[in-house]
Structures are given as structure tokens and as C-alpha cells.
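Sequential numbering from 1 applies to the sequence shown in the UniProt record's numbering.
We put the CB at the ideal spot given by N, CA and C, even for glycine.
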Amino acid sequence: MADDNGNLEGRRQRIDAIDAELQALLNERARLAGEIAEIKRAEGVGEAGFYRPEREAQVLRSVRERNQGPLPDDEVVRLFREIMSACLALERPLTVAFLGPEGTFTEAALDRHFGQSVARAPMGSIGEVFREVEAGTAHYGVVPVENSTEGVVTHTLDRFVRSPLAICGEVVLRIHQQLLARPGADLAGIQRVYSHQQSLAQCREWLDTHLPEAERVAMASNAEAARQAADEEGAAAIAAAAAADHYELAVLAANIEDEPDNTTRFLVIGPEEAGPSGADKTTLVVSGRNRSGTLQALLAPVAAHGLNLTRVESRPSRQAVWEYLFFLDIEGHRQDPAVAAALAELEAEASFYRILGSYPQAAT
Ligand SMILES: O=C(O)C(=O)C[C@]1(C(=O)O)C=C[C@@H](O)C=C1
Numbered sequence: 001m002a003d004d005n006g007n008l009e010g011r012r013q014r015i016d017a018i019d020a021e022l023q024a025l026l027n028e029r030a031r032l033a034g035e036i037a038e039i040k041r042a043e044g045v046g047e048a049g050f051y052r053p054e055r056e057a058q059v060l061r062s063v064r065e066r067n068q069g070p071l072p073d074d075e076v077v078r079l080f081r082e083i084m085s086a087c088l089a090l091e092r093p094l095t096v097a098f099l100g101p102e103g104t105f106t107e108a109a110l111d112r113h114f115g116q117s118v119a120r121a122p123m124g125s126i127g128e129v130f131r132e133v134e135a136g137t138a139h140y141g142v143v144p145v146e147n148s149t150e151g152v153v154t155h156t157l158d159r160f161v162r163s164p165l166a167i168c169g170e171v172v173l174r175i176h177q178q179l180l181a182r183p184g185a186d187l188a189g190i191q192r193v194y195s196h197q198q199s200l201a202q203c204r205e206w207l208d209t210h211l212p213e214a215e216r217v218a219m220a221s222n223a224e225a226a227r228q229a230a231d232e233e234g235a236a237a238i239a240a241a242a243a244a245d246h247y248e249l250a251v252l253a254a255n256i257e258d259e260p261d262n263t264t265r266f267l268v269i270g271p272e273e274a275g276p277s278g279a280d281k282t283t284l285v286v287s288g289r290n291r292s293g294t295l296q297a298l299l300a301p302v303a304a305h306g307l308n309l310t311r312v313e314s315r316p317s318r319q320a321v322w323e324y325l326f327f328l329d330i331e332g333h334r335q336d337p338a339v340a341a342a343l344a345e346l347e348a349e350a351s352f353y354r355i356l357g358s359y360p361q362a363a364t
């Protein structure tokens, strides 16, 4: 017993020594970030220029690659994410606007991308997030773009066409839905379930099995649903885990989504795009000159240069009937020679052409 205690004490002493060393190293790192900030200031970077998405992506990729455990890759990445977030806040405190209210999946995407050391500004709509960043009131913004939960994809794409902002990052989040209710509530007492209609749809089978009698009520967002459930006896909400903390609710049932692989993609928008990080994506919006064979003609250079097209989305142009804008995602950075060559050819073929940004691919 004495031996065990001795071992325990000895190990705690080693942990104390390591903590002291870690702390000194963290502050040394922060000092270096401060010096980098001085260099950036001397170079005259703008308000938002202290944040370097391509450098952060490289740092986090290196963390993941060299990790040998026992801490899981995602955990060490999360820790380093927070270290960089704190260093950046020391260089220049940033404000990031997001599609609110607090506790949405978009806020979870913001956390994942920027860490805890940024000020957050919840906005009521995607348009407001754009306006806030365009006006310079917020340095960056986070909006959902693809799939599911908050319902909005096309609005984000449409808004981009008339915005000077660039995409400077993406976040891919696996969406886990939680059934939330007031602390002490039990499943048998739930008569009504609030959520965004897409979240209700994503949990339909679970609801059919576990709450077949409960009324399902569609709300503007999952966070609104959580707020409502906090106010009402016998009510529950389907929302992100973060909403439980914000609205003082308990998780009555965890991960109730029918499809376990359900993901949503978010974009980080800002005044300028990111530099090359080594694993990037370029998003552009184009329209063709000719009606017939337009898309084939536009995409031919992408294939000819051996590039990977990861997404094509078409939207009515709103300029003329039957004219379409195509949103394209291509692997690579616009400064990569093959991408640059393909884009030049594509531009020659297009009647409308705008690069929305080159940015680091999300780590999934
Ligand atoms: O390398 C830089 O440019 C830094 O400012 C340092 C640092 C970091 O903490 O590693 C901080 C903020 C930037 O977004 C990127 C990296």
C-alpha cells in the first residue's frame, strides 16, 4: 500500500514538473505569436489579417500526423486548436458572426474552427452574417452551406454571388441530435417535441418508436426549439448538445438521429481568401455562354488538367429565364499551376466567372 502510494505521489510529482514545463512552453509559444503579430503590423496587414487559415491548417495537420497516443488524434487536435485560438487572441482579438441563436450547429462549427478565444456574434439570418462581415463589424462569419439541419444551403450560395467576401475555410461536422428536456423530465411525460423540420425528419424513426404519441412541432431553428422546451412542461426539443448548456436542459436521449453518418458542411467567410496550405479546395461560380452543352464545355478544362471536381451545384441565375449559375468545388488552390491553367481556360469559356475562394480542406 505504502509502495502504491509512493508510486502515485511520484507520478503526481512528475505531472507537476511536466505541467510547469508545458506552461513555460505555452507562454514561450505565445511570445513568439506576439512577435509574429508585430511583423504582421509592420507589413501593414488589415484588421482581419492576423488570422492565417492556411498556417493553422498546416499546424493541425502536423499535430495529427505526429500523434502517437495514448491521447486520440481528435483530442490532441482539439487541444492545439485551443492553444492557437489563445495565441491568436493575444495577437488580435477577433469577432466571428454566425447563424444563431446560441447553441446551433453553426456555433459548434465556429468552435471547431476558431476555438474558444474569439468573441461570437449570433445573427438572425445568413444575410445578416454576410452583412456583418461586409461592414467590418465582425472579422469573419460562419454559415451552413450543404445539407440538412438548419435548412439553408441555397440561400448561402445565392448571397455569395453579390458579396465581395471570400471563402477562407470550411468545417465538416458530424451532426448528432439530442433529445433535450427540463432536468428531471422523463420520456413517458413528453407530449410535444420541438425542432427544425429537418431535424424532426432526421429522427423520424426514433420518434416513431420511442415517442409515437407526441406531437411534433416545426420551429425556425433547433436552438429556438430548445428555448421553447425550457419554458414548457411536458415538452422536449431535438437539438445539438451545446443547446443543453445554453438553455439549462438535460439530455433525455443521446444521438437519436436515424442516419449515424449525417454531416453538415459550413463555410468560413472573410475579407480575403487563404494562401495555399498543401491540401486545399477552390470554389467558384460560373455561367456559360451557350445554352447547349454549357456545363460540359465549362468542365472540360477541369478534367483536361486532371483535377478533381468534388461538387457541382446549379442555381437559377435570376438574370434571364433558363440561365443557370454553376457552383463548382475543385480540389487544389488557385495558385497551384494545374488549377490556375484550368481556371484560365474555364474563364475564357464563361459568361460569368467569379472565384469565391481557395481555402484549406476541412480535416474530418
Ligand atoms: O503563424 C502565424 O501567422 C501566427 O500568427 C501564429 C498562429 C499560431 O498560434 O500558431 C496564430 C494565429 C494564426 O492564425 C496562425 C498561427
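Do you know how far the Cα of residue j is from the Cα of residue i?
i	j	result
aspartate 186	asparagine 262	27 Å
isoleucine 256	glutamine 177	6 Å
valine 278	histidine 113	In the sequence under discussion, the amino acid at residue 278 is glycine, which differs from the valine named in the question. Going from the Cα of glycine 278 to the Cα of histidine 113 covers about 18 Å.
alanine 2	isoleucine 15	Residue placement at alanine 2 is poorly supported in this model, since its pLDDT is 47, which falls under 50; the coordinates still yield a value, given next. Rounded to the nearest angstrom, the two C-alpha atoms are 20 Å apart.
glycine 100	leucine 295	36 Å
valine 129	arginine 12	47 Å
methionine 84	arginine 131	27 Å
alanine 17	asparagine 7	15 Å
glycine 69	glutamate 75	10 Å
leucine 207	glycine 189	14 Å
alanine 226	leucine 173	20 Å
aspartate 73	arginine 55	19 Å
glycine 124	valine 145	16 Å
leucine 180	arginine 78	25 Å
leucine 157	glutamate 9	58 Å
valine 268	arginine 41	23 Å
alanine 240	alanine 108	8 Å
tyrosine 359	leucine 343	16 Å
glutamate 150	glycine 46	With a pLDDT of 48 at glutamate 150, under the threshold of 50, the modelled position of that residue is not reliable, and the figure given next carries that caveat. Approximately 32 Å, taken between the alpha carbons.
isoleucine 175	phenylalanine 105	8 Å
aspartate 258	threonine 209	11 Å
alanine 230	glycine 184	12 Å
glutamate 21	glutamate 28	10 Å
glutamate 272	glycine 49	8 Å
isoleucine 126	alanine 138	14 Å
leucine 88	aspartate 19	22 Å
glutamate 232	leucine 325	45 Å
isoleucine 355	glutamine 23	43 Å
serine 163	histidine 155	12 Å
Using 8 Å for Cβ pairs, my map puts residue i next to residue j. What's the rounded Cβ distance?
i	j	result
leucine 110	valine 133	With 8 Å as the limit, leucine 110 and valine 133 do not qualify as a contact, their Cβ atoms being about 13 Å apart.
asparagine 222	alanine 235	14 Å between Cβ atoms; not a contact.
residue 365	glutamate 347	One cannot answer for residue 365 here, as it falls past the ends of the chain, which runs 1 to 364.
leucine 200	arginine 216	5 Å
alanine 33	glutamate 91	6 Å
alanine 243	glycine 103	3 Å
Residue j and residue i - do their beta-carbons sit closer together than 7 Å?
i	j	result
alanine 97	alanine 121	yes
glutamine 270	tyrosine 140	Before going further, note that residue 270 is glycine rather than glutamine in the sequence given. Cβ distance < 7 Å, so glycine 270 and tyrosine 140 count as in contact.
valine 286	alanine 350	yes
aspartate 329	lysine 281	yes
glycine 357	threonine 310	no
glutamate 224	alanine 362	no
tyrosine 247	methionine 219	no
arginine 192	alanine 214	yes
alanine 274	proline 53	yes
histidine 333	proline 276	yes
leucine 298	glycine 288	yes
alanine 86	serine 117	yes
On the three-state DSSP scale, how would you describe residue i?
i	result
arginine 192	strand
proline 93	coil
residue 370	This structure leaves residue 370 out entirely; the chain is present only between 1 and 364.
glutamate 331	strand
alanine 348	helix
glycine 151	Confidence is the limiting factor: at glycine 151 the pLDDT is only 47, short of 50, which leaves the residue's position unreliable and the question unanswerable from this model.
threonine 294	helix
alanine 166	strand
alanine 181	strand
aspartate 158	helix
alanine 362	coil
leucine 187	helix
leucine 307	coil
valine 118	coil
proline 276	coil
threonine 106	helix
Which full runs of the beta strand (DSSP E) of 3+ residues lie inside the region 197-252, going along the chain?
-> You should have 215-219 and 235-239.
Any alpha helix (DSSP H) of 4 or more consecutive residues that is wholly inside the UniProt domain "Chorismate mutase" (2-95) | Taking only runs of at least 4 residues, the alpha helix (DSSP H) segments lying wholly in the UniProt domain "Chorismate mutase" (2-95) are 2-43, 53-66 and 73-91.
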